[in-house]
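Here is the structure we will look at.
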Amino acid sequence: MVLDVANDDGVLELTLDRSEALNAFTVELHGELRAALETARGPEVRAVVITGAGRAFSAGQDLEETRTQEMGPGERLRTYYNPNIMALRTLEKPVIAAVNGVAAGAGVGLALACDVRVASERAKFVPAFVAIGLIPDSGTSFFAAQILGYARAFEWLTSNRRLDAEEALAWGLVHEVVAPEAVVERARERARELAAAPGEAIGMTKRLLAGAATAELDEQLALESQLQQAASEHPAYAERVAEFLAKQPARTG
Ligand code: LHQ
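By my numbering, the letter at position 34 of the sequence shown is numbered 34, and the numbering carries on one by one without gaps.
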């Protein structure tokens with residue numbers, strides 16, 4: 001096994017576990033991640049945490065494996081990376097990355113595909129792609145442009161500058177920076193809070209935001225109206241409004 005999977009109180013925790021190669025991606029790791037993301041679709045899972053074993057989050061593609069296997073990058077992306085990135089983005093549940101250390105190449109893509117990033121003070125974001133003559137893949141070009149805007153995304157991805165955690169925070173690339181020993185627990189805490197909140201509303205919010213950048217306003221307004229109606233038909237709406245009107249203390253989740 002190269003992915004540790006634990007499920008605690010609705011929070012599915014996935015730990016990339018190839019620390020000898022800084023959790024670089026192999027076909028085996030993709031396969032186990034794919035199966036875990038399938039499990040994440042089940043009703044018993046309400047939030048997901050992704051982290052890495054040892055001192056890295058993930059160093060991206062295992063370059064030893066590309067040396068020994070014939071498959072070209074295009075096919076490798078279509079077969080292994082892209083389905084997992086799509087599975088993460090279409091999972092209508094919050095996914096929190098606990099970026100415990102260095103993320104490089106497709107490891108950056110994976111972190112950026114998550115909904116929330118909690119970073120260790122030791123985290124570093126290293127594009128790596130252009131440094132080896134490749135382009136940013138696994139959604140990195142998409143998410144970097146979306147999160148950072150063109151100017152920062154271009155400068156960062158082409159210079160291969162190692163962003164440290166504080167700079168990543170200042171850029172809005174991560175949501176929070178904590179001490180190395182606290183990073184996984186803080187991600188779990190955020191996951192538990194989100195798991196306790198009305199899940200359908202969170203899932204639909206994720207869907208709305210995913211399409212927002214490319215939608216026309218009238219389409220987005222129509223989708224909001226449709227999903228708002230669906231959200232209001234879930235018991236959480238009536239319960240929470242009744243709590244509010246009864247002047248009960250507001251819940252955090
Ligand atoms: C590694 C790796 C690694 C194997 C460290 N593979 N062993 C998609 C589809 C198809 C084709 C290609 O690409 C893609 C997408 C991509 O992800 S492209 C980008 C691939 N990744 C990289 O180019 C990053 C390569 N790694 C690094 O630049 C450094 O290792 C970083 C900056 C991540 C960390 O640097 P250090 O902290 O100085 O660690 P290190 O370099 O000493 O690495 C520690 C060990 O991990 C070392 O092995 P060793 O046996 O000497 O202890 C490395 O060989 C191994 N390792 N990355 N990607």
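Each residue gets a CB set at the ideal place from its N, CA and C atoms; glycine is no exception.
{"Query": "Cβ-based neighbour list, Ala-56, same chain, cut-off 6 Å, excluding 5 preceding and 5 following", "Result": "Leu-22, Asn-23, Gly-101, Val-102"}
{"Query": "Among Arg-18, Ala-182, Arg-188, nearest to Ala-59 - alpha-carbon criterion", "Result": "Arg-18"}
{"Query": "Backbone secondary structure at Asn-84 - three-state DSSP", "Result": "helix"}
{"Query": "Of the residues Gly-42, Tyr-237, Asn-84, the one placed nearest Ala-270, counting alpha carbons only", "Result": "What the structure shows of the chain is the stretch from 1 to 253, and residue 270 is not part of that stretch, so it cannot be assessed."}
{"Query": "Residues that DSSP places opposite Phe-25 in a beta bridge", "Result": "Gln-61"}
{"Query": "Pair within 8 Å by beta-carbon distance, Ala-153 and Ala-145", "Result": "yes"}
{"Query": "Near the ligand LHQ: Ala-24 beta-carbon under 7 Å from a heavy atom", "Result": "yes"}
{"Query": "Contact belief for Pro-136 with Val-116 at Cβ below 8 Å, rounded distance in angstroms", "Result": "21 Å between Cβ atoms; not a contact."}
{"Query": "Touch test, the stretch 181 to 191 against the stretch 128 to 142, Cβ-Cβ under 8 Å, three pairs minimum", "Result": "no"}
{"Query": "Range covered by the beta strand (DSSP E) that runs through Phe-125", "Result": "124 to 126"}
{"Query": "Proximity test, Gln-61 beta-carbon vs the ligand LHQ heavy atom, cut-off 7 Å", "Result": "yes"}
{"Query": "7 Å Cβ shell around Glu-70 - same chain, five flanking residues per side excluded", "Result": "none"}
{"Query": "Sequence-distant residues of its chain with Cβ nearer than 7 Å to Leu-37 (five each side left out)", "Result": "Asn-84, Ala-87, Leu-88, Leu-91"}
{"Query": "Buried versus exposed, by CB contacts within 10 Å (16 or more), Ala-113", "Result": "buried"}
{"Query": "Check: Leu-134 C-beta below 7 Å from any heavy atom of the ligand LHQ", "Result": "yes"}
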